[in-house]
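Just below is one structure, and these are the notes that go with it.
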Amino acid sequence: MEFTETFKQAGPCAFSPNARFLAVAVDYRLVIRDVHTLKVVQLFTCLDKITYIEWALDSEYILCGLFKRPMIQAWSLAQPEWTCKIDEGPAGISYARWSPDSRHILTTSEFQLRLTVWSLLNTACIHVQWPKHGSKGVSFTKDGKFAAICTRRDCKDYVNLLSCYTWEIMGVFAVDTLDLSDIQWSPDDSAIVIWDSLLEYKVLIYSPDGRCLSKYQAYESGLGVKSVSWSPCSQFLAVGSYDQMIRVLNHLTWKVFAEFTHLSTVRGPCAAAVFKEVDEPLQLDMSELSLTDEFVQRNADNTAETYIQVRYDVMEVPITLPSQKPPADKPNPKQGIGFITWSSDSQYICTRNDSMPTVLWIWDVQRLELASILIQKDPIRAAAWDPTCPRLVLCTGSTNLYMWTPSGAYCINVPFPHFSVLDLKWNWDGSCLLLKDKESFCCAAVPLLQESSDYSSDD
Numbered sequence: 007m008e009f010t011e012t013f014k015q016a017g018p019c020a021f022s023p024n025a026r027f028l029a030v031a032v033d034y035r036l037v038i039r040d041v042h043t044l045k046v047v048q049l050f051t052c053l054d055k056i057t058y059i060e061w062a063l064d065s066e067y068i069l070c071g072l073f074k075r076p077m078i079q080a081w082s083l084a085q086p087e088w089t090c091k092i093d094e095g096p097a098g099i100s101y102a103r104w105s106p107d108s109r110h111i112l113t114t115s116e117f118q119l120r121l122t123v124w125s126l127l128n129t130a131c132i133h134v135q136w137p138k139h140g141s142k143g144v145s146f147t148k149d150g151k152f153a154a155i156c157t158r159r160d161c162k163d164y165v166n167l168l169s170c171y172t173w174e175i176m177g178v179f180a181v182d183t184l185d186l187s188d189i190q191w192s193p194d195d196s197a198i199v200i201w202d203s204l205l206e207y208k209v210l211i212y213s214p215d216g217r218c219l220s221k222y223q224a225y226e227s228g229l230g231v232k233s234v235s236w237s238p239c240s241q242f243l244a245v246g247s248y249d250q251m252i253r254v255l256n257h258l259t260w261k262v263f264a265e266f267t268h269l270s271t272v273r274g275p276c277a278a279a280v281f282k283e284v285d286e287p288l289q290l291d292m293s294e295l296s297l298t299d300e301f302v303q304r305n306a307d308n309t310a311e312t313y314i315q316v317r318y319d320v321m322e323v324p325i326t327l328p329s330q331k332p333p334a335d336k337p338n339p340k341q342g343i344g345f346i347t348w349s350s351d352s353q354y355i356c357t358r359n360d361s362m363p364t365v366l367w368i369w370d371v372q373r374l375e376l377a378s379i380l381i382q383k384d385p386i387r388a389a390a391w392d393p394t395c396p397r398l399v400l401c402t403g404s405t406n407l408y409m410w411t412p413s414g415a416y417c418i419n420v421p422f423p424h425f426s427v428l429d430l431k432w433n434w435d436g437s438c439l440l441l442k443d444k445e446s447f448c449c450a451a452v453p454l455l456q457e458s459s460d461y462s463s464d465d
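Residue numbering for the sequence shown follows our numbering, starting at 7 and increasing by one per position.
Encoded structure:
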């Protein structure tokens, strides 16, 4: 793995959807770099500190959220002199997003008073009253034709279906939720999943015309759904809940066909490979080197300096995983499946039980079994699948990067002193990784995955 030099950043960073550019926020400046050379191709100056950035799907425009003002500014790569400024006045702006056609911006006002669709082609704007959430509750079809927007009025939740061409409301239907949490279209646009708040375990599947296809409720008492994720192939729906289980539904009958439990003790028989991160001290003994007396005297106290590297040890089962019990007197307990992400081929699911923040679970959906467990020294901050193959990369805020493939797990040292990997993102074509420290970033070129490839800690 090859690393670039480090560059300054002071906010969000994002790859363009066409995988050619990297946008980096540096306080109130937006820096656009070429992905291959990391040379600056455009520099835009905003009116305030940038707290959010998002590329349009066609990679021609980019918006910056200046939520402290609050205000939105949009820029064009093709026409650097063009700019757009959106200010909702006293209503404020809590969130902004692009529409699939890359020519409209959707903003949500403070206190969810209204959602506004702003056109970049003319001065027209369309309002949707009482959106349910600020940053959640809006989902677009993959073909970009329709938007599903959750609203709430008269103490009841509704879904508004809008055309992304005319922005007319095509239909409105009420949903059977007490307090709707979020909504997602399936990747093939055939179904919509809606789930209730954590106080009520309820997962609802709707057709685009508003018919309820299925209602799933695993249990009635206790905290409910915490995370939901469609598989890229649209055939599976993974539901993570506070009872430390993930349930996978199929798209034909909407019944559960797999249940994966995250227990603190893993017992046999178990075919999963368990990898544990351990320290590997390296002793540099210079006692047998031919050195001058002056050099030896000057370095007499440092003849054996210790350098720490890390590696994965393969552990045997049974094994007890590090876990923590959440306090019973505090809200939003850190337990349950708070993180679910699918591999691009829909074969593997990566999960994290929030009561075990240092443990990552990888499940094989084809074989319906646990494939691997990664036990880290520090809490896992981010994990992401390669967009092109079953390869998982994660970070823990240390100076190392960690990689898992079906053939094994590897520790990779980032070759910069005091560079802690706090976050990571894949480029859309899987060619490189963005690694973020607190005030800097670098990119890493990732080699093509081969079944028999042998990685080492210093690759």
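Using N, Cα and C, we set each Cβ at its ideal position, and we do this for glycine too. Fair warning: this is a prediction, and the values are worked out from it, not measured in the lab.
**Request:** Return the Cβ separation of residue 35 and residue 44 in integer angstroms, given the expectation that the two are a contact with Cβ distance under 8 Å.
**Result:** Residue numbering aside, residue 35 sits at position 29 when the sequence shown is read from its first letter. Residue numbering aside, residue 44 sits at position 38 when the sequence shown is read from its first letter. Incorrect: roughly 16 Å between the Cβ atoms, too far for contact.
**Prompt:** Where do the N-terminal and C-terminal ends of the beta strand (DSSP E) with residue 344 fall, by residue?
**Reply:** Residue 344 sits at position 338 when you count from the first residue of the sequence shown. Element bounds for residue 344: 343-348.
**Asked** In three-state DSSP terms, what is residue 96?
**Response** Looking up residue 96 in the sequence shown gives position 90. Helix at residue 96.
**Request:** Indicate the three-state DSSP secondary structure (helix, strand or coil) for residue 130 in the structure shown.
**Result:** Position 124 of the sequence shown, counted from the first residue, corresponds to residue 130. Correct three-state label for residue 130: coil.
**Request:** Inspect the CB distances between the segment 386-393 and the segment 415-425 and report whether three or more fall short of 8 Å.
**Result:** At 8 Å Cβ cutoff, the stretches do not touch.
**Asked** Taking the alpha-carbon positions, what's the residue 15 to residue 176 distance?
**Response** Numbered from its first residue, the sequence shown carries residue 15 at position 9. Numbered from its first residue, the sequence shown carries residue 176 at position 170. A straight line joining the alpha-carbon of residue 15 with that of residue 176 spans about 43 Å.
**Message:** So, for residue 319: in the same chain, excluding its five sequence neighbours on each side, which residues have a beta-carbon less than 6 Å away from its beta-carbon?
**Reply:** Mapped onto the sequence shown, residue 319 falls at position 313. So the list reads 282 and 284, once near-sequence residues are dropped.
**Item:** According to DSSP, residues forming a beta bridge with residue 469
**Value:** Residue 469 lies beyond the stretch modelled for the chain, which goes from 7 to 465, so this question has no answer here.
**Message:** Does residue 172 pass the burial test, meaning 16 or more other C-beta atoms within 10 Å, or should it be called exposed?
**Reply:** Mapped onto the sequence shown, residue 172 falls at position 166. Result: exposed.
**Request:** Could you tell me if residue 76 is buried or exposed, where buried requires 16 or more neighbouring beta carbons within 10 angstroms of its beta carbon?
**Result:** For the purposes of this step, residue 76 is taken as residue 70 along the sequence shown, with counting starting at 1. Classification of residue 76: buried, given that the 10 Å Cβ count is 16 or more.
**Asked** Over what stretch of residues does the beta strand (DSSP E) that includes residue 372 continue unbroken?
**Response** One-based indexing of the sequence shown puts residue 372 at position 366. It is not in any beta strand (DSSP E) - residue 372 carries neither H nor E in the DSSP assignment.
**Asked** If you run the structure through DSSP and keep just helix, strand and coil, what is residue 79?
**Response** Counted from its first residue, the sequence shown places residue 79 at position 73. Looking at residue 79 - three-state DSSP - the assignment turns out to be strand.
**Asked** What does a CB cutoff of less than 6 Å around residue 442 pick up in its chain, not counting 5 residues either side in sequence?
**Response** Position 436 of the sequence shown, counted from the first residue, corresponds to residue 442. Contacts found: 428 and 429.
**Request:** Using three-state DSSP, classify residue 116 as helix, strand or coil.
**Result:** Here the question's residue 116 lines up with position 110 in the sequence shown. The three-state secondary structure of residue 116, taken from DSSP, is helix.
**Asked** Less than 9 Å separating the beta-carbons of residue 276 and residue 323?
**Response** Translated into the one-based positions of the sequence shown, residue 276 becomes position 270. Translated into the one-based positions of the sequence shown, residue 323 becomes position 317. For residue 276 and residue 323, yes; Cβs fall inside 9 Å.
**Prompt:** Mind checking whether residue 329 and residue 394 have CB atoms under 9 Å apart?
**Reply:** In the sequence shown, counting from the first residue as 1, residue 329 sits at position 323. In the sequence shown, counting from the first residue as 1, residue 394 sits at position 388. At a Cβ-Cβ threshold of 9 Å, residue 329 and residue 394 do not count as neighbours.
**Request:** Report the three-state DSSP secondary structure of residue 418 (helix, strand or coil).
**Result:** The residue given as residue 418 occupies position 412 in the sequence shown. If DSSP states are grouped into helix, strand and coil, residue 418 belongs with the strands.
**Asked** Using a Cβ-Cβ cut-off of 6 Å (strictly less than) and excluding sequence neighbours within five positions of residue 459, which residues of its own chain qualify?
**Response** The residue labelled residue 459 in the question sits at position 453 within the sequence shown. Per-residue confidence for residue 459 stands at a pLDDT of 40, beneath the threshold of 50, marking its modelled position as unreliable; no derived number is given.
**Message:** So, at 6 Å on beta carbons, what are the nonlocal neighbours of residue 22 in its own chain, with the 5 sequence-adjacent residues on each side left out?
**Reply:** Locating residue 22 in the sequence shown gives position 16, counting from the first residue. These residues qualify, in order along the chain: 61 and 65.
**Asked** Looking only at its own chain, which residues have a Cβ that is under 6 Å from the Cβ of residue 242, when we skip the five neighbours before and after it?
**Response** As a working note, residue 242 is residue 236 in the sequence shown. Once the five neighbours on either side are set aside, the close Cβ partners of residue 242 are 254.
**Request:** From the DSSP output, in three-state form, read off residue 42 for me.
**Result:** If you number the sequence shown from 1, residue 42 lands on position 36. When secondary structure is reduced to three states using DSSP, residue 42 falls in the coil class, being assigned neither helix nor strand.
**Message:** Please report the straight-line C-alpha distance between residue 97 and residue 114, rounded to a whole angstrom.
**Reply:** Residue mapping note: residue 97 aligns to position 91 of the sequence shown, counting from 1. Residue mapping note: residue 114 aligns to position 108 of the sequence shown, counting from 1. Between residue 97 and residue 114, the alpha-carbon positions lie close to 9 Å from each other.
**Message:** Please state the DSSP three-state secondary structure of residue 13.
**Reply:** The residue given as residue 13 occupies position 7 in the sequence shown. Three-state result, residue 13: strand.
**Request:** Taking 9 Å as the cut-off, decide whether the C-beta atoms of residue 191 and residue 219 are in contact.
**Result:** Position 185 of the sequence shown, counted from the first residue, corresponds to residue 191. Position 213 of the sequence shown, counted from the first residue, corresponds to residue 219. Not a contact, by the Cβ cut-off of 9 Å.
**Prompt:** CB-CB under 7 Å to residue 238, same chain, minus the five flanking residues each way: which ones, in chain order?
**Reply:** The count along the sequence shown starts at 1 and reaches residue 238 at position 232. Excluding sequence neighbours, residue 238 sits near 193, 348, 350 and 352.
**Request:** Report the residue from 280, 417 and 25 whose alpha carbon sits nearest the alpha carbon of residue 63.
**Result:** The residue labelled residue 63 in the question sits at position 57 within the sequence shown. Looking at the Cα atoms, 25 is the closest of the given residues.
**Item:** At least 3 beta-carbon pairs within less than 8 Å: the segment 223-232 vs the segment 204-214
**Value:** The segment 223-232 is in contact with the segment 204-214.
**Message:** If contacts are defined as beta-carbon pairs under 8 Å, then residue 150 and residue 170 qualify, I think. What distance do you get, rounded to the angstrom?
**Reply:** Along the sequence shown, read from residue 1 onward, the residue named residue 150 stands at position 144. Along the sequence shown, read from residue 1 onward, the residue named residue 170 stands at position 164. Yes, they are in contact, since the Cβ atoms of residue 150 and residue 170 sit about 6 Å apart, within 8 Å.
**According to DSSP, residues forming a beta bridge with residue 286** = Within the sequence shown, the letter at position 280 stands for residue 286. In the DSSP output, where bridge partners are listed per residue, residue 286 has 315.
**Item:** residue 74 vs residue 17 beta-carbon contact at 9 Å
**Value:** Here residue 74 refers to the residue found at position 68 of the sequence shown. Here residue 17 refers to the residue found at position 11 of the sequence shown. The answer is no: Cβ separation not under 9 Å.
**Request:** Put residue 175 into one of helix, strand or coil per three-state DSSP.
**Result:** Locating residue 175 in the sequence shown gives position 169, counting from the first residue. Strand, per DSSP.
**Prompt:** According to the Cβ coordinates, are residue 240 and residue 278 closer than 9 Å?
**Reply:** Taking the first residue of the sequence shown as position 1, residue 240 is located at position 234. Taking the first residue of the sequence shown as position 1, residue 278 is located at position 272. Contact flag unset, no.
**Message:** If I measure Cβ to Cβ from residue 272 and keep anything under 6 Å in the same chain, skipping five residues before and after, which residues do I get?
**Reply:** Within the sequence shown, numbered from 1, the residue matching residue 272 stands at position 266. Excluding residues within five positions, the ones whose Cβ falls inside 6 Å are 323 and 325.
**Prompt:** Of the residues 136, 138 and 99, which one's Cα is nearest the Cα of residue 124?
**Reply:** Along the sequence shown, read from residue 1 onward, the residue named residue 124 stands at position 118. When only C-alpha atoms are compared, the closest one is 99.
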